[in-house]
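Reviewing the structure listed below.
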Amino acid sequence: FRSPVVARHACGQHRRPVMPKSRKDWSELLEALHEAVRAGKLSFTDWPKNTIWLGGRWSRSSKRWQWDDGSEVTHLAWAPGQPSAPKHDQASEPWLCMVLKDGPEKLSAEVHDSPPSFSFGIMCEEGDFSEMAAEHLMFGVSGARQAATERRLAAPVFADWLPRSLEGSGAVAVAARAAAAVDAADSA
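Each residue of the sequence shown is one higher than the last, beginning at 1 in full-length UniProt numbering.
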(Lines of atoms letter the chains of each structure in order from A and count residues from 1; the text may use other names and numbers.)
(Lines give C-alpha, C1' and ligand atoms only; values in the text may rest on other atoms or scores of the structure.)
Protein backbone atom coordinates (compact mmCIF):
# COMPACT_ATOMS: atom_id res chain seq x y z
CA PHE A 1 0.00 0.00 0.00
CA ARG A 2 1.52 3.25 -1.19
CA SER A 3 0.87 6.93 -1.85
CA PRO A 4 -0.56 7.94 -5.26
CA VAL A 5 2.77 9.24 -6.55
CA VAL A 6 4.69 6.13 -5.50
CA ALA A 7 1.94 3.97 -7.01
CA ARG A 8 2.60 5.52 -10.41
CA HIS A 9 6.33 4.88 -10.17
CA ALA A 10 5.81 1.34 -8.82
CA CYS A 11 3.96 0.36 -11.97
CA GLY A 12 7.11 0.81 -14.04
CA GLN A 13 7.85 2.00 -17.56
CA HIS A 14 5.20 0.16 -19.59
CA ARG A 15 2.47 0.05 -16.94
CA ARG A 16 0.39 2.58 -15.06
CA PRO A 17 -2.34 2.54 -12.41
CA VAL A 18 -5.57 1.18 -13.83
CA MET A 19 -7.86 3.57 -15.70
CA PRO A 20 -11.26 1.90 -16.05
CA LYS A 21 -12.57 4.11 -18.85
CA SER A 22 -15.26 1.77 -20.17
CA ARG A 23 -17.82 -0.59 -18.66
CA LYS A 24 -15.73 -3.49 -19.94
CA ASP A 25 -12.63 -2.11 -18.19
CA TRP A 26 -14.66 -1.61 -14.99
CA SER A 27 -16.03 -5.16 -15.15
CA GLU A 28 -12.58 -6.68 -15.74
CA LEU A 29 -11.14 -4.63 -12.90
CA LEU A 30 -13.89 -5.80 -10.53
CA GLU A 31 -13.18 -9.40 -11.53
CA ALA A 32 -9.47 -8.96 -10.78
CA LEU A 33 -10.26 -7.24 -7.46
CA HIS A 34 -12.58 -10.09 -6.52
CA GLU A 35 -9.66 -12.48 -7.10
CA ALA A 36 -7.50 -10.27 -4.87
CA VAL A 37 -10.08 -10.47 -2.09
CA ARG A 38 -10.30 -14.26 -2.41
CA ALA A 39 -6.48 -14.44 -2.28
CA GLY A 40 -6.45 -12.32 0.89
CA LYS A 41 -4.71 -9.34 -0.74
CA LEU A 42 -7.68 -7.01 -0.29
CA SER A 43 -10.64 -6.79 2.05
CA PHE A 44 -14.31 -5.99 1.47
CA THR A 45 -14.61 -3.96 4.63
CA ASP A 46 -11.27 -3.13 6.27
CA TRP A 47 -10.18 0.36 5.27
CA PRO A 48 -7.68 1.03 3.68
CA LYS A 49 -7.31 -2.61 2.54
CA ASN A 50 -10.50 -2.25 0.51
CA THR A 51 -9.13 0.63 -1.60
CA ILE A 52 -6.86 0.98 -4.64
CA TRP A 53 -5.55 4.01 -6.48
CA LEU A 54 -6.90 4.69 -9.95
CA GLY A 55 -4.85 6.31 -12.71
CA GLY A 56 -6.66 9.63 -12.55
CA ARG A 57 -6.44 13.00 -10.86
CA TRP A 58 -7.81 16.53 -10.74
CA SER A 59 -6.10 18.85 -13.20
CA ARG A 60 -5.58 22.29 -11.69
CA SER A 61 -4.88 23.82 -15.09
CA SER A 62 -7.96 22.51 -16.90
CA LYS A 63 -10.16 22.35 -13.77
CA ARG A 64 -11.40 18.83 -14.59
CA TRP A 65 -10.80 15.20 -13.76
CA GLN A 66 -8.43 13.50 -16.16
CA TRP A 67 -6.80 10.12 -16.58
CA ASP A 68 -3.03 9.88 -16.32
CA ASP A 69 -2.83 9.68 -20.12
CA GLY A 70 -4.34 13.18 -20.29
CA SER A 71 -7.79 12.15 -21.51
CA GLU A 72 -10.84 13.53 -19.74
CA VAL A 73 -12.64 11.39 -17.18
CA THR A 74 -16.20 11.26 -18.46
CA HIS A 75 -17.95 8.51 -16.49
CA LEU A 76 -17.27 7.39 -12.94
CA ALA A 77 -19.27 5.45 -10.38
CA TRP A 78 -18.93 8.14 -7.71
CA ALA A 79 -19.89 7.18 -4.17
CA PRO A 80 -22.69 9.26 -2.63
CA GLY A 81 -21.28 12.59 -1.47
CA GLN A 82 -18.24 12.31 -3.74
CA PRO A 83 -16.19 14.12 -4.76
CA SER A 84 -15.96 15.34 -1.19
CA ALA A 85 -13.44 18.19 -1.48
CA PRO A 86 -14.93 21.67 -1.19
CA LYS A 87 -16.08 22.85 -4.63
CA HIS A 88 -13.64 25.74 -4.59
CA ASP A 89 -10.69 23.54 -3.51
CA GLN A 90 -10.76 20.23 -5.41
CA ALA A 91 -6.95 20.37 -5.52
CA SER A 92 -6.97 19.46 -1.81
CA GLU A 93 -8.23 15.97 -2.77
CA PRO A 94 -6.86 15.56 -6.30
CA TRP A 95 -6.44 11.78 -6.60
CA LEU A 96 -8.96 9.12 -7.66
CA CYS A 97 -9.33 5.90 -5.72
CA MET A 98 -11.72 2.94 -5.87
CA VAL A 99 -13.34 1.59 -2.69
CA LEU A 100 -14.76 -1.95 -2.68
CA LYS A 101 -18.18 -2.56 -1.20
CA ASP A 102 -20.70 -5.36 -0.77
CA GLY A 103 -19.90 -8.97 -0.01
CA PRO A 104 -17.97 -11.84 -1.54
CA GLU A 105 -20.80 -13.00 -3.82
CA LYS A 106 -21.41 -9.66 -5.55
CA LEU A 107 -18.53 -7.25 -5.60
CA SER A 108 -18.99 -3.64 -6.54
CA ALA A 109 -16.98 -0.49 -6.02
CA GLU A 110 -17.31 3.27 -5.89
CA VAL A 111 -14.95 6.08 -6.74
CA HIS A 112 -13.75 8.65 -4.21
CA ASP A 113 -11.47 11.64 -4.39
CA SER A 114 -8.56 11.55 -1.97
CA PRO A 115 -5.72 13.65 -0.62
CA PRO A 116 -2.21 12.31 -1.28
CA SER A 117 -1.62 11.47 2.39
CA PHE A 118 -3.31 8.05 2.22
CA SER A 119 -1.70 4.76 1.22
CA PHE A 120 -3.85 2.41 -0.83
CA GLY A 121 -3.34 -0.71 -2.92
CA ILE A 122 -1.81 -0.59 -6.38
CA MET A 123 -3.00 -2.31 -9.55
CA CYS A 124 -1.40 -1.60 -12.89
CA GLU A 125 -2.40 -2.00 -16.51
CA GLU A 126 -0.01 -2.78 -19.34
CA GLY A 127 0.62 -0.84 -22.51
CA ASP A 128 3.07 1.27 -24.45
CA PHE A 129 2.84 4.69 -22.87
CA SER A 130 6.03 6.12 -24.34
CA GLU A 131 4.09 8.77 -26.26
CA MET A 132 2.48 10.27 -23.18
CA ALA A 133 3.12 13.99 -22.96
CA ALA A 134 5.66 14.97 -20.33
CA GLU A 135 3.09 17.23 -18.67
CA HIS A 136 1.00 14.20 -17.81
CA LEU A 137 3.92 12.55 -16.05
CA MET A 138 4.73 15.55 -13.87
CA PHE A 139 3.76 15.30 -10.21
CA GLY A 140 5.78 18.24 -8.94
CA VAL A 141 9.30 18.40 -7.61
CA SER A 142 8.42 17.34 -4.08
CA GLY A 143 6.35 14.42 -5.38
CA ALA A 144 9.18 13.31 -7.65
CA ARG A 145 11.65 13.47 -4.76
CA GLN A 146 9.27 11.52 -2.55
CA ALA A 147 8.81 8.89 -5.24
CA ALA A 148 12.55 8.59 -5.82
CA THR A 149 13.12 8.23 -2.09
CA GLU A 150 10.37 5.65 -1.61
CA ARG A 151 10.93 3.72 -4.83
CA ARG A 152 12.84 0.92 -3.13
CA LEU A 153 9.86 0.45 -0.81
CA ALA A 154 7.31 0.42 -3.61
CA ALA A 155 7.13 -3.30 -4.34
CA PRO A 156 3.43 -3.70 -5.21
CA VAL A 157 1.23 -5.80 -2.98
CA PHE A 158 -0.62 -7.52 -5.82
CA ALA A 159 2.31 -9.50 -7.18
CA ASP A 160 0.89 -13.02 -7.05
CA TRP A 161 -2.83 -13.10 -7.62
CA LEU A 162 -3.69 -11.99 -11.16
CA PRO A 163 -5.98 -14.60 -12.74
CA ARG A 164 -4.30 -16.24 -15.74
CA SER A 165 -7.37 -15.35 -17.82
CA LEU A 166 -6.57 -11.66 -17.43
CA GLU A 167 -2.78 -11.87 -17.63
CA GLY A 168 -1.55 -10.16 -20.76
CA SER A 169 -5.02 -8.87 -21.67
CA GLY A 170 -3.76 -5.30 -21.48
CA ALA A 171 -6.99 -4.13 -19.86
CA VAL A 172 -6.10 -5.10 -16.32
CA ALA A 173 -2.66 -6.38 -15.39
CA VAL A 174 -1.14 -6.77 -12.00
CA ALA A 175 1.97 -5.02 -10.83
CA ALA A 176 4.01 -8.23 -10.59
CA ARG A 177 6.07 -7.26 -13.59
CA ALA A 178 6.50 -3.81 -12.07
CA ALA A 179 7.81 -5.39 -8.89
CA ALA A 180 10.43 -7.20 -10.95
CA ALA A 181 11.30 -3.95 -12.70
CA VAL A 182 11.65 -2.14 -9.36
CA ASP A 183 13.86 -4.96 -8.07
CA ALA A 184 15.99 -4.83 -11.23
CA ALA A 185 16.33 -1.05 -10.98
CA ASP A 186 17.31 -1.30 -7.32
CA SER A 187 20.01 -3.87 -8.02
CA ALA A 188 21.44 -1.88 -10.96
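No residue lacks a Cβ here, since even glycine has one placed at the ideal position from N, Cα and C.
Classification of residue i by the beta-carbon crowding that lies within 10 angstroms, buried from 16 upward
i           : result
residue 156 : Note on residue 156: pLDDT 33, under 50, position unreliable in the model; no value is reported.
residue 66  : buried
residue 77  : exposed
Counterpart residues of residue i in DSSP-defined beta bridges
i           : result
residue 101 : 108
residue 113 : 96
residue 121 : 52
Nearest to residue i (by Cα), restricted to the options the options
i           : options              : result
residue 100 : 64, 57, 73 and 26    : 26
residue 16  : 68, 116, 110 and 107 : 68
residue 115 : 54, 72 and 44        : 54
residue 20  : 44, 42, 41 and 73    : 73
Check whether residue i and residue j have beta carbons under 9 Å apart
i           : j           : result
residue 5   : residue 52  : no
residue 90  : residue 63  : yes
residue 57  : residue 30  : no
residue 98  : residue 109 : yes
residue 126 : residue 9   : no
residue 79  : residue 37  : no
residue 60  : residue 86  : no
**Asked** Which ranges would you report for the beta strand (DSSP E) in the stretch 4-65 if only whole runs of at least 3 residues count?
**Response** 15-17 and 51-59
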